[in-house]
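Trainee: Below are the structure tokens for one structure; questions will follow.
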């Protein structure tokens, strides 16, 4: 069975600070996919990134970056120079073929002006 | 290109009633998954439909049932509503292959169900 743990329930930062959201996953499969989604107050889940288990290369997209480390089963998400519009709930999720998308409990990020 | 659409946006029901939620997938997607998201929690997988059949199911009772139509749209039905069924119901569409997801799951805006 898959499990995703987001230990940080809530994080509050001041605008322009960098913030890292932690994600730890558990799976017995060698092939799996990891995702990050953003859920603003409107409720819709917005896809941010997908990585497969064979690609440990870190990725940067604008102010967003992701650090995938199989050795520690972590897939952390960093927002650089945070902005108020980044305030949302962020979910990490995992997927294994033949299974289903398993979400963590989410991290509520509040960026204060 | 329209994304995933869901209807209705909000719904209020009373205990014991039945409800039907609807979802239209993103163009080109053939698989629809339904999730229940209680307040303050992550989405929980209910079931997934592919080729008009239930492909997988999460830990939800038989009161939760679904259907997929030839045009890939889907319905979620919940019978004998309980107060605990109050939640945001999310639909996600994707293109899924044998080896894994060929596309990420795109989510709709959700239907907020309140059971009184």
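Protein chains in written order, with this note's numbering: chain R, 1 to 113; chain B, 1001 to 1116.
Think of the CB as a built atom: it goes at the ideal place given N, C-alpha and C, for glycine as much as any other residue.
Predicted model only: the values in this text are computed from it and were never measured.
Find the nearest neighbour of residue 90 of chain R within the set R:8, R:107, R:67, R:33, judged by alpha-carbon distance.
Mentor: Closest option to residue 90 of chain R, Cα to Cα, is R:107.
Trainee: For residue 100 of chain R, go through chain B and note every residue whose CB falls closer than 8 Å to its CB, in chain order.
Mentor: Simply 1033, 1045, 1048, 1056, 1058.
Trainee: Using beta carbons (cut-off 9 Å, strictly below), is residue 1107 of chain B in contact with chain R?
Mentor: At least one chain R Cβ lies under 9 Å of residue 1107 of chain B.
Trainee: Shortest alpha-carbon distance to residue 1077 of chain B belongs to which of B:1115, B:1090, B:1022, B:1010?
Mentor: Ranking B:1115, B:1090, B:1022, B:1010 by Cα distance to residue 1077 of chain B puts B:1022 first.
Trainee: For residue 1004 of chain B, which three-state DSSP category applies?
Mentor: Three-state result, residue 1004 of chain B: coil.
Trainee: Are the C-beta of residue 37 of chain R and some C-beta of chain B separated by less than 9 Å?
Mentor: Yes, its Cβ sits closer than 9 Å to a Cβ of chain B.
Trainee: Quick one: which chain R residues come within Cβ less than 9 Å of residue 1068 of chain B?
Mentor: Per Cβ cutoff of 9 Å: no residues; residue 1068 of chain B is ~16 Å from chain R at best.
Trainee: How big is the Cα-Cα spacing for residue 28 of chain R and residue 73 of chain R?
Mentor: Roughly 11 Å between the two C-alpha positions.
Trainee: Going by DSSP, what residue range makes up the beta strand (DSSP E) through residue 1045 of chain B?
Mentor: Here the beta strand (DSSP E) through residue 1045 of chain B covers 1044-1050.
Trainee: What is the rounded straight-line gap between the Cα of residue 1002 of chain B and the Cα of residue 1061 of chain B?
Mentor: The straight-line gap from Cα to Cα measures roughly 32 Å.
Trainee: With DSSP as the reference, label residue 1120 of chain B as helix, strand or coil.
Mentor: In the structure as shown, chain B starts at 1001 and stops at 1116, and residue 1120 of chain B therefore has no counterpart that could be examined.
Trainee: By Cβ distance below 6 Å, which residues in the same chain neighbour residue 1057 of chain B in space, the five residues on each side in sequence not counted?
Mentor: Closer than 6 Å at Cβ, skipping near neighbours: 1047.
Trainee: Strictly below 7 Å CB to CB, what residues from chain B border residue 104 of chain R?
Mentor: Here the neighbours are 1042.
Trainee: Between R:67, R:63, R:96, R:92, which has its C-alpha nearest residue 81 of chain R's C-alpha?
Mentor: Of the listed residues, the one whose Cα sits closest to residue 81 of chain R is R:63.
Trainee: What residues from chain R crowd round residue 1090 of chain B, counting only those whose CB sits closer than 7 Å?
Mentor: Those within 7 Å of residue 1090 of chain B in chain R are 45.
Trainee: What is the rounded straight-line gap between the Cα of residue 1087 of chain B and the Cα of residue 79 of chain R?
Mentor: Their Cα atoms are separated by approximately 29 Å.
Trainee: In angstroms with no decimal places, state the Cα-to-Cα distance between residue 38 of chain R and residue 1065 of chain B.
Mentor: Whole-angstrom Cα-Cα distance: 28 Å.
Trainee: Would you give the residue range spanned by the beta strand (DSSP E) that residue 77 of chain R belongs to?
Mentor: 74-79 is the span of the beta strand (DSSP E), which, as asked, contains residue 77 of chain R.
Trainee: When you compare only the Cα positions, how much space is there between residue 1070 of chain B and residue 1005 of chain B?
Mentor: Answer to the nearest angstrom: the Cα atoms are 17 Å apart.
Trainee: State the DSSP-derived secondary structure class of residue 53 of chain R, mapped to helix, strand or coil.
Mentor: Residue 53 of chain R falls in the coil class under three-state DSSP.
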